[in-house]
Structure formats: structure tokens, C-alpha cells
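**Student:** This structure is in C-alpha cells; I'll ask about it shortly.
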Amino acid sequence: MGETYIRIRGVHKTYPDGTAALEPINLDVQHGEVLVLLGPSGCGKSTLLRIMAGLEKSSDGSINVNGVEINHLLPEKRDIGLVFQQYALFPTMTVAQNIAFGMKLRKKSKQEIAVKVQEMLELMSLQELKDRRPSQLSGGQQQRVAVARALATEPKILLMDEPLTALDAKLKEYLRIELAQLFRKLNITTIYVTHDQVEAMAIADRIAVMDKGVVRQIGTPKEVYHQPKSPFVAQFVGQVNRLRGQAVHTKEGWSVQFGFALTPYHGSRDFIEGEEVEAFLRPEDIEVEASTGQGFPVRIRESIFLGERYRVIADANGHKLLLDVPNDIHLNEGDQVQLRLQHHKLIYT
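Just so we're aligned: 261 in UniProt numbering is position 261 of the sequence shown, and the numbers increase by one with no gaps anywhere.
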């Protein structure tokens, strides 16, 4: 990575009825980067992907790939590999024939096709399945064939639209890891669409969080998770506690009174005494406090076993808090315990 490879400027989409699917979008994607477009259904992420692929026209704006504007090019002339949610494999063709399809359209020689098909079969661990038809494959196998077909033409860019959505949770987890390793190995510039936050964080070099046709934040997975720039990003990416309080000036500086605890403020903002303050805190950033008297009291409302941890719901003076605790700490409904906020982890937007 390093130089800008894809430059998107002012791309937007408004339908004839006046509905805005995309507000003007500006994005730079580096060569070899995996950029994930993350957002809820209807946020415009798939629309942007289809515009890039040439399957849908933008209302305005430009898309530049490696110094060349591609807006006017037909889809087949854009040198882009596509993988969709439904994979779109040809049911009457074998795995090998599906992989070869794009190369045949490009009039490659039989020898070139044979060599590349074998390379893709090995890359995606499909050698033993090369003569099977899609109906004889599992969902994960079909997904690997779709990726192999997209890569076989050696595209400049790979576009993937929710490719794991239809798979069960265990297979999805496995393929997330497999895809992340593949992207790093091939160093291919990839734009990947998903609504799944875990999937995005596992695969992305950077994440563009979208909402209502607008890119709300772009950053690395860690930046988006730990340093969200808006309430939407904070609440959409992972679980979060939304806390409201008032600014209080003490001799040590500013603190925030949340109604159940007075918490030191570690940011750079300057408040007005009594000013309304909103903050967010991840469940893993609330700790069960030993009997030191430094925590605040809560009553446990529910404790949900999730394998490696418990997700606990607690009542703090009428305020609902979510926290994660290790699976060797047993908290039961009705228990009275002390909690402590990791106040340096509080997110103020």
C-alpha cells in the first residue's frame, strides 16, 4: 500500500422520485488495500459498489482507477472482479468451467485458461472439486468458486458484495479468516461490502462506516472501534453503553456526574458547569470492583453465558449498564456488587 489507486470524487445517486441513495462521496483507496464499506441495510454501500462496477449509473461524480477515469466504460471494460451474495455460478457448468468462463469471454488461449484454472483451483483448495457442479457443493465451496472465478481474469480491483451473508455462523467465521489471508497474499485492491461489524474488523485494512448515503467515518478497525467520531458510529460498531451526565468542575479539573458515579474527564474539551455531556463506554471497559469502596453499587438484572465470557446487565441507580466479565466470575440475578468504569476509555463524541 502507499499510493492512491482508486479516487472517488463527488459520486452521488438520486433516483427519479427524488430519493437520494448516495450523498456526494469522496474516497481514496490505496493500492493493495482492503476497504470495507460497513453500514446498515439501505445505507448506500451496495449502490456505491454497483456504480463502481458499472452496473448502475451515478447522478454525478467521477471514479478514477490508477489515473484513468472509468465512468464511461462498460462493466466488462473496467477490469474488475465481482463476487455477489448469491455467487451467481452457472448451474450447468463444472467448477473448472465456471472459473474459466471470464477468460473465455476475453478470448484467452486454451493453454492460458488451463494454466490459470489450475492455479485458481490450487489457490482456493478446490482441486478435488473441479468436476462438480454448483448443486453438488456446500455454501462455503460455492463461495470459494465465486472468488476463484473473479480472480482468474487477474482484475485490477476486486469488489465483493456481502459474500458471506448466506452462510452459517461457524462457516462464516472460518471464511472470514480465509479471505483475510487471501487478500494479504494477493495484494489485490479490494472493496468489500458488509453490514457485519465483526466481519468488517476481521477483513479490513480500513473501514468506511456509512449511514443514509453518507460516509460517517473512515479509519482502521481499531480507530473506528475505539475512537468513533459520532454517536452513530459508536453505537453501530460493536456494543456500547450510552451515558448521559453533567459537567462538574472539581479542584482536580473537570469530571462528569453520570447519576450513578462521578467520573474524571480526560479529554481536551472545556465545559460549562452543569453542561449536558454524552459519552459511550464499551462493555469490556466496565470492571467488577473488589471490596475497596472505590466502585459504585449495582444490582445484577441478568447474566448471559456466552462461552468465553458473560454478558451482564446491571442496574446502577436506575441506569442500565452492559458489561462483559470473564467466565470464571459468576454473577446471579439480584446480586449486589460494585463496578468501576475505566474512565480513560470513555468516548466523548
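All residues carry an ideal CB built from backbone N, CA and C; glycine is no exception.
Please name the residue, chosen from GLY102, GLN127 and TYR192, that lies closest to GLU154 on a Cα-to-Cα basis.
**Tutor:** Considering only alpha carbons, the answer is GLY102.
**Student:** Is the region 246-266 close to the region 189-206, with three or more CB pairs under 8 Å?
**Tutor:** Judged by Cβ distances under 8 Å, the region 246-266 makes no contact with the region 189-206, as fewer than three pairs qualify.
**Student:** Identify which residue in TYR5, ALA208 and LYS212 has its Cα closest to the Cα of LYS229.
**Tutor:** It is ALA208 whose Cα lies nearest to the Cα of LYS229.
**Student:** Kindly list the residues whose CB is nearer than 6 Å to the CB of GLU278, restricted to its own chain and excluding five residues on each side of it in sequence; keep chain order.
**Tutor:** ARG244.
**Student:** Contact check, VAL224 vs VAL215 under 8 Å by CB: the rounded distance?
**Tutor:** VAL224 to VAL215, Cβ: 12 Å. No contact.
**Student:** Does the region 14-33 come within contact of the region 180-191, defined as at least 3 CB pairs closer than 8 Å?
**Tutor:** Output reads yes: the region 180-191 touches the region 14-33.
**Student:** Could you tell me which uninterrupted beta strand (DSSP E) segments, each at least 3 residues in length, are contained entirely in the region 134-216, listed from first to last along the chain?
**Tutor:** For the region 134-216, whole beta strand (DSSP E) runs of length 3 or above, ordered along the chain, are 157-161, 189-194 and 206-211.
**Student:** Please confirm if the region 144-152 is in contact with the region 167-174, defined as three or more CB-CB distances below 8 Å between the two stretches.
**Tutor:** Too few Cβ pairs lie closer than 8 Å, so no.
**Student:** Among residues of its own chain, excluding the 5 on either side of PHE90, which ones have a beta-carbon nearer than 6 Å to its beta-carbon?
**Tutor:** Result list for PHE90: ASN98, in chain order.
**Student:** Considering only the beta carbon of each residue, do residue 351 and LEU151 sit closer than 9 Å?
**Tutor:** What is shown of the chain runs 1 to 349, which leaves residue 351 out entirely.
**Student:** Alpha carbon to alpha carbon, how far is VAL29 from ARG106?
**Tutor:** For VAL29 and ARG106, the distance between alpha carbons rounds to 27 Å.
**Student:** Please report the residue range of the beta strand (DSSP E) in which residue 356 lies.
**Tutor:** It is not possible to answer for residue 356, since the shown part of the chain is limited to 1 through 349.
**Student:** So, do the region 114-132 and the region 62-70 have three or more beta carbon pairs nearer to each other than 8 Å?
**Tutor:** Not touching, per the Cβ criterion.
**Student:** Judging by CA-CA distance, which residue of ARG309, ALA261 and ILE80 is the nearest neighbour of GLY295?
**Tutor:** Measuring from the Cα of GLY295, the nearest candidate turns out to be ALA261.
**Student:** Could you pull out every residue in the same chain whose Cβ sits closer than 7 Å to the Cβ of ASP315, ignoring the five residues on either side in sequence?
**Tutor:** Taken in chain order, the residues that qualify are VAL298, ARG299 and ARG301.
**Student:** I need the straight-line Cα distance from ILE80 to GLN86, nearest angstrom please.
**Tutor:** One C-alpha to the other measures close to 18 Å.
**Student:** Please go through the same chain and pick out, in chain order, the residues whose beta-carbon is closer than 7 Å to the beta-carbon of GLU284, but skip the five residues on each side of it.
**Tutor:** Closer than 7 Å at the Cβ level, and outside the excluded window around GLU284, lie ASP324.
**Student:** Got a sec, what are the start and stop residues for the alpha helix (DSSP H) ALA316 sits in?
**Tutor:** No alpha helix (DSSP H) contains ALA316, which is instead part of the beta strand (DSSP E) from 309-316.
**Student:** Starting from TYR5, trace the beta strand (DSSP E) in both directions and tell me its first and last residue.
**Tutor:** Looking at the DSSP string, the run of the beta strand (DSSP E) that includes TYR5 is 4-14.
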